[in-house]
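Participant: Before anything else, here's the structure in question.
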Amino acid sequence: MSVMAPLGSQKEAILGRWLARVIDTYPPETARFLRSQKDPFANPVGHATRQSLTALIDLLVAGLDEAAARAALDPVIRVRAIQAFSPAQAVGFVFDLKVILRETLGTLPKAADELSLLDGRIDRLALIAFDIYMQCREKIYELKANEMKNTTYKAFARAGLIKDQDQGAGQ
Amino acid sequence: MADETPKPSELLSNIDYRPPAKQWMDVPVNIRKGMYCYAANPKSVEYLGLPNARAWNPTDEDWKLPENWQQILHEGFKERLEKFRSIKVFMDICVRCGACADKCHFFIGTGDPKNMPVLRAELLRSVYRNDFTLMGKLLGRFAGARPMTIDVLKEWWYYLFQCTECRRCSLYCPYGIDTAEITMFGRELINLLGLNIDWIATPVANCYRTGNHLGIQPHAFKDMIDFFVDDIEEITGVRMEPNFNKKGADILFITPSGDVFADPGTYTCMGYLMLFHFLKEKYGLDVTWSTYASEGGNFGSFTSHEVMKRLNAKMYLEARRLGVKWILGGECGHMWRVINQYMDTMNGPADFLEVPVNPITGTRFENAASTKMVHIAEFTADLIKHGKLDLKPERNDNKILTFHDSCNPARGMGMFDEPRYVIQNVANHFYDMPANTIREQTFCCGSGSGLNAGENMEERMAGGLPRANAVKYVHEKHGVNMLACVCAIDRAALPTSMAYWVPEVQVTGMTELVANALVLPGEQERTTDLRGEPLPGMEEADE
Chain Y
1 MSVMAPLGSQ KEAILGRWLA RVIDTYPPET ARFLRSQKDP FANPVGHATR QSLTALIDLL
61 VAGLDEAAAR AALDPVIRVR AIQAFSPAQA VGFVFDLKVI LRETLGTLPK AADELSLLDG
121 RIDRLALIAF DIYMQCREKI YELKANEMKN TTYKAFARAG LIKDQDQGAG Q
Chain H
172 MADETPKPSE LLSNIDYRPP AKQWMDVPVN IRKGMYCYAA NPKSVEYLGL PNARAWNPTD
232 EDWKLPENWQ QILHEGFKER LEKFRSIKVF MDICVRCGAC ADKCHFFIGT GDPKNMPVLR
292 AELLRSVYRN DFTLMGKLLG RFAGARPMTI DVLKEWWYYL FQCTECRRCS LYCPYGIDTA
352 EITMFGRELI NLLGLNIDWI ATPVANCYRT GNHLGIQPHA FKDMIDFFVD DIEEITGVRM
412 EPNFNKKGAD ILFITPSGDV FADPGTYTCM GYLMLFHFLK EKYGLDVTWS TYASEGGNFG
472 SFTSHEVMKR LNAKMYLEAR RLGVKWILGG ECGHMWRVIN QYMDTMNGPA DFLEVPVNPI
532 TGTRFENAAS TKMVHIAEFT ADLIKHGKLD LKPERNDNKI LTFHDSCNPA RGMGMFDEPR
592 YVIQNVANHF YDMPANTIRE QTFCCGSGSG LNAGENMEER MAGGLPRANA VKYVHEKHGV
652 NMLACVCAID RAALPTSMAY WVPEVQVTGM TELVANALVL PGEQERTTDL RGEPLPGMEE
712 ADE
C-alpha cells in the first residue's frame, strides 16, 4: 500500500487541515472571516489561499511541475508578502504539509519511502515560495522607487530643466 | 548532547503558528514599516497655522507632544461632540452588530482586526465612554471604556491613517453610521496635537498658498497646459487655445492638479482641452481654466473641517472673481464629496452663480442647483445623449475596458451611470466587474484620503487588493486590459496597484477615452492615441 493513492483519496481532509493551519496564522477574528466568507470578491485572501493550496496538493500527487507550482503559489505568497508576516511566517506554511501528511498517512505500511519523496517535493515548493516572496518584495521596492523617480523626473522635464530627455533619463 | 537534539517531528509540532488570542485592548500597536506615512513637515503645519509644528518621527518613543496633550484632546473631543450632533450620535448608537466589519478593503487586505471599521471606531469610542459617559466612568473596561494614554494615541494615529474614508462600510451599517466621518473626526482631533502626515500637510499648505497640491505657480501651470497643446497638435494637427483666468467666461473649469502633472492623468487633461476646443468651435462654448483655483482636490478634508472649508472657498471665490455662470468639475474623487456633502453648509449657498444649464443642450442640472458645480461625466453624458459629439468609438477598439467607480463620486454623490454611459459610447468593448465590487459597493483604490505616498507601499497594496482582485477576474474572463476611472488619485494609485496585482492592465481616465474618439473639426488623420500608441489598424502607419 503506497501513500500516493490515499493521498489522492484523502485530498479533501488533508487540504482542510492544511488550510486551517494557514488561516490560523491570522488573528482569530480575521481567521473566522477568512473561513466563513465564501464569496471570492468579498474575501480575496481566503479565496486565493484556498485556490493555491488546492492546486499545490494536486501538484504534490502528480509530480512537481515547476511552472505550475509557481503559478499555484503566486497568489497566496503575493498576498502574504505585503501582510504583517516575517519572511519565515509568510512562506513557512508550506512545511506544515509535512506534519499533516504524517498525521494523516504516516501509519500506512511502507509510508516512509514515499513520505520522504513527498518531503523532497515540499522542500522544493518551499524554495519556489521563497523565490516568489523575494520577487514580490523586490517589486514593492521597485514600485516605491519608480513612483518617486517618475514624479521628480517628469516635474523636471515639464519645467524644461531637462534639455535632452534621452540623455537625462540615463543619468 | 546528541540526546537533546529534537526530532524533526517534535520541532514541527512544537511551533505555535497562531497569533495569541487577546482582547483587542491588550494587543499593543506595532507601527510597521510600509504601513504608515512620514510625519508632516513642520513648515507646512506652521504655514497653515495649525498647532504643534515640529519635526517628529512616528517610530520614535517621544512624539514631542505638548505637555497637556490629554487635556487638549479631551477638550477638542468635547467641543466637537457639542458642535456636531452626528458625531455624538455615531459615538452612542453603534450596537457592534458587525455588519461593517468585513467590508473594509484594509481589513480584507491586511487581515488586521483593528481595520474592521467597527473596531477602528471603537478605538475612539472607548475613550469617549471613559471621558463622557456615566457607564464608562463607573464601570471602566467592563463598559468598553479606557483612558487616553500615549499608547492609545499612537494606536489612533496608526489606524486613522489606515482608512481611506471611502465610506464602503457605512453602506452596510443598519444605523447609517458614517464611519468615514469618524475617521475625519479622529484625524481632526489628532491634528490638534500636530499629528498629520506629510502627504496631506504639504499639499494642503501648497494648495492654500499657491492654489494646487504641488505648489505650481500660475505661469508654470500655464506652461504645463501649453505642453499639452503642443502634444495635441502633433497628434491631431489642431492647435487649441485654452482660456486662462478669463473674466466673464460662461464656465469655470476646475480639475485636480494631478491631471496636469501626473501620468496617466495628463492624457485625461489633454482630453479636457480637446473636448472644450471641440465645443468652442462647434457651439461657441466659453470655458476658462484658472491658474489660481488650479486644484479640485481638497486634502483639507483629510485634515479638519476648517481646513477643508478654507480650500473649498478658493474655488468659489475664483468663480465670483471671474464672474462665470457656473463651475464645471473634472475627474476628481474627494472634491465631489466635499462639494456634494459639505460645501453648501460650509461656503454655500453659491447664490452668486446660476443654476447650471448646458448651453448646448439646454439641460438644467437640478442636482447642482445649490452647489452650481457639474461633473464632467454628467456634462459629457448629456452632450452624447443629445448627439452633440462627433465620435469614432472604433479608435478605442484596442482597449478592453472595465470601470472602477471612484469611491467619492459613487458613494459621495451617487454617480454610477453617467461615466458608464460615456465610456460605452466612446468605446466598443466594456465589461463591468462583479456586482459586489462596483457602483455603491465599489472597492477603494487603497490609496485615497492622502495615503498615496511611497513609503506606505505595503499598506497601499493591501488596501488595493479587493479592487485589483475584481480587475483580475475581468482580465482573465474577458481579456480586460484597461481600467477606466474618474478620479486623479485613482489614476495615480491604480497603475502601481495593477503593476503588483494585475500587470497586464493599464489605467485611463474617462475623458482620455472621449478625446481619442472625438473627431475635431479640421483634424488630420490620426495614427496614434493620446499616449502616442498606434490606433487600431494604424500599427504600420505609426512606424
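In the order they appear, the protein sequences are chains Y and H. Mapping to our numbering: the first sequence position 80 is 80, numbers consecutive. Mapping to our numbering: the second sequence position 442 is 613, numbers consecutive. Think of the CB as a built atom: it goes at the ideal place given N, C-alpha and C, for glycine as much as any other residue.
Alpha carbon to alpha carbon, what distance is there between Tyr-153(Y) and Ile-422(H)?
Facilitator: Distance between the alpha carbons of Ile-422(H) and Tyr-153(Y) is about 34 Å.
Participant: Within the same chain, show all residues whose beta-carbon is closer than 7 Å to that of Met-681(H), passing over the 5 residues directly before and after it, in chain order.
Facilitator: Closer than 7 Å at Cβ, skipping near neighbours: Glu-502, Ala-548, Pro-590, Val-593, Ile-594, Ala-655 and Val-657.
Participant: Mind checking who Arg-535(H) pairs with in its DSSP beta bridge?
Facilitator: DSSP output for Arg-535(H) lists Val-528(H) as bridge partner(s).
Participant: Hey, does Leu-143(Y) have any beta-carbon neighbour from chain H nearer than 8 Å?
Facilitator: Chain H, which has a Cβ nearer than 8 Å to the Cβ of Leu-143(Y), makes this yes.
Participant: At what residues does the alpha helix (DSSP H) containing Thr-30(Y) begin and finish?
Facilitator: Start and end: 28-36.
Participant: Mark Leu-385(H) as exposed unless 16 or more other C-beta atoms lie within 10 angstroms of its C-beta, in which case mark it buried.
Facilitator: Flag for Leu-385(H) reads buried.
Participant: Which bits of chain H does Pro-28(Y) rub up against, with CB to CB less than 7 Å?
Facilitator: Residues of chain H passing the Cβ test: Ala-192.
Participant: Helix, strand or coil for Gln-10(Y) per DSSP?
Facilitator: The answer is coil: DSSP assigns Gln-10(Y) none of H, G, I, E or B.
Participant: Which partner residues of Thr-281(H) appear in the DSSP bridge assignment?
Facilitator: Note: Thr-281(H) sits in no beta bridge, so no partner.
Participant: Using the C-alpha atoms, what's the distance from Glu-359(H) back to Gly-708(H)?
Facilitator: About 54 Å.
Participant: Does the structure place the region 296-315 of chain H close enough to the region 36-56 of chain Y that three or more beta carbon pairs sit under 8 Å?
Facilitator: No, the region 36-56 of chain Y is not in contact with the region 296-315 of chain H.
Participant: Count the CB pairs spanning the region 70-90 of chain Y and the region 135-145 of chain Y that are closer than 8 Å, and state whether there are at least three.
Facilitator: With a cut-off of 8 Å, the region 135-145 of chain Y and the region 70-90 of chain Y count as touching, because enough Cβ pairs lie within range.
Participant: Is there at least one Cβ from chain H nearer than 8 Å to Ala-169(Y)'s Cβ?
Facilitator: Summary for Ala-169(Y): the model assigns pLDDT 45, below 50, so the residue's position carries little reliability; its value from the coordinates is reported in the next sentence. With 8 Å as the cut-off, Ala-169(Y) does not count as an interface residue toward chain H.
Participant: Report the option in Asp-576(H), Gly-650(H), Tyr-209(H) and Arg-203(H) whose CA atom is closest to the CA atom of Ala-226(H).
Facilitator: Checked all of Asp-576(H), Gly-650(H), Tyr-209(H) and Arg-203(H); the closest Cα to Ala-226(H) is Tyr-209(H).
Participant: Gln-51(Y) versus chain H: which residues are under 7 Å apart at the beta carbon?
Facilitator: Within 7 Å Cβ-Cβ: nothing; Gln-51(Y) doesn't reach chain H, min ~11 Å.
Participant: Note down the Cα distance separating Gly-8(Y) from Asn-687(H), rounded to an integer number of angstroms.
Facilitator: The alpha-carbon atoms of Gly-8(Y) and Asn-687(H) are separated by roughly 54 Å.
Participant: I'd like to know whether the C-beta of Glu-114(Y) is nearer than 8 Å to at least one C-beta of chain H.
Facilitator: No, its Cβ sits nowhere closer than 8 Å to a Cβ of chain H.
Participant: What are the complete alpha helix (DSSP H) segments, minimum 4 residues, inside the region 594-655 of chain H?
Facilitator: Counting whole runs of 4 or more residues, the region 594-655 of chain H contains the alpha helix (DSSP H) stretches 628-649.
Participant: Taking 8 Å as the CB-CB cut-off, is Gly-680(H) touching chain Y?
Facilitator: It does not; no Cβ of chain Y falls within 8 Å.
Participant: What residues from chain H crowd round Ile-140(Y), counting only those whose CB sits closer than 8 Å?
Facilitator: In chain order: Gly-205, Met-628, Glu-629, Met-632 and Tyr-671.
Participant: Could you round the C-beta distance between Leu-493(H) and Lys-417(H) to whole angstroms and report it? I think they count as a contact, below 8 Å.
Facilitator: Yes, they are in contact, since the Cβ atoms of Leu-493(H) and Lys-417(H) sit about 7 Å apart, within 8 Å.
Participant: Whose CA, out of Trp-234(H), Lys-285(H) and Leu-219(H), lies closest to the CA of Asp-197(H)?
Facilitator: Comparing Cα-Cα distances from Asp-197(H) to each of Trp-234(H), Lys-285(H) and Leu-219(H), the minimum goes to Lys-285(H).
Participant: Could you tell me the distance, in whole angstroms, from the CA atom of Cys-578(H) to the CA atom of Val-642(H)?
Facilitator: Approximately 16 Å between the Cα atoms of the pair.
Participant: Determine whether the beta carbon atoms of Leu-73(Y) and Leu-56(Y) lie at a separation below 8 Å.
Facilitator: Yes, the Cβ-Cβ distance between Leu-73(Y) and Leu-56(Y) is below 8 Å.
Participant: Taking contact to mean 3 or more Cβ pairs, one atom from each stretch, closer than 8 Å, check whether the region 496-516 of chain H and the region 533-547 of chain H are in contact.
Facilitator: These segments touch.
Participant: Does Thr-667(H) have its Cβ less than 8 Å from a Cβ in chain Y?
Facilitator: Cβ-Cβ to chain Y under 8 Å: yes for Thr-667(H).
Participant: Pull up the distance between the alpha-carbon of Gln-89(Y) and that of Leu-125(Y), whole angstroms please.
Facilitator: Answer to the nearest angstrom: the Cα atoms are 15 Å apart.
Participant: Measuring only the C-alpha atoms, how far is Met-584(H) from Arg-610(H)?
Facilitator: Answer to the nearest angstrom: the Cα atoms are 11 Å apart.
Participant: Three or more C-beta pairs under 8 Å: does that hold for the region 435-446 of chain H against the region 518-525 of chain H?
Facilitator: No contact exists between the region 435-446 of chain H and the region 518-525 of chain H.
Participant: Could you compute how far the alpha carbon of Asp-123(Y) sits from the alpha carbon of Glu-565(H)?
Facilitator: Looking at the two C-alpha atoms, the distance is approximately 52 Å.
Participant: Taking 8 Å as the CB-CB limit, is Gly-429(H) close to chain Y?
Facilitator: No - not a single Cβ of chain Y is within 8 Å of the one on Gly-429(H).
Participant: Roughly how many angstroms separate the alpha carbons of Leu-331(H) and Phe-392(H), rounded to a whole number?
Facilitator: Spanning the two alpha carbons is a distance of roughly 33 Å.
Participant: Under a three-way DSSP split, which group does Val-198(H) fall into?
Facilitator: Coil, per DSSP.
Participant: Below 7 Å on C-beta distance, what does Gly-625(H) contact in chain Y?
Facilitator: Chain Y residues near Gly-625(H): Lys-144, Glu-147 and Met-148.
Participant: What residues from chain Y crowd round Ile-243(H), counting only those whose CB sits closer than 8 Å?
Facilitator: Simply none; closest approach about 31 Å.
Participant: Answer with buried or exposed for Phe-313(H), where buried requires no fewer than 16 other C-beta atoms within 10 angstroms of its C-beta.
Facilitator: Exposed: under 16 other Cβ atoms inside 10 Å.
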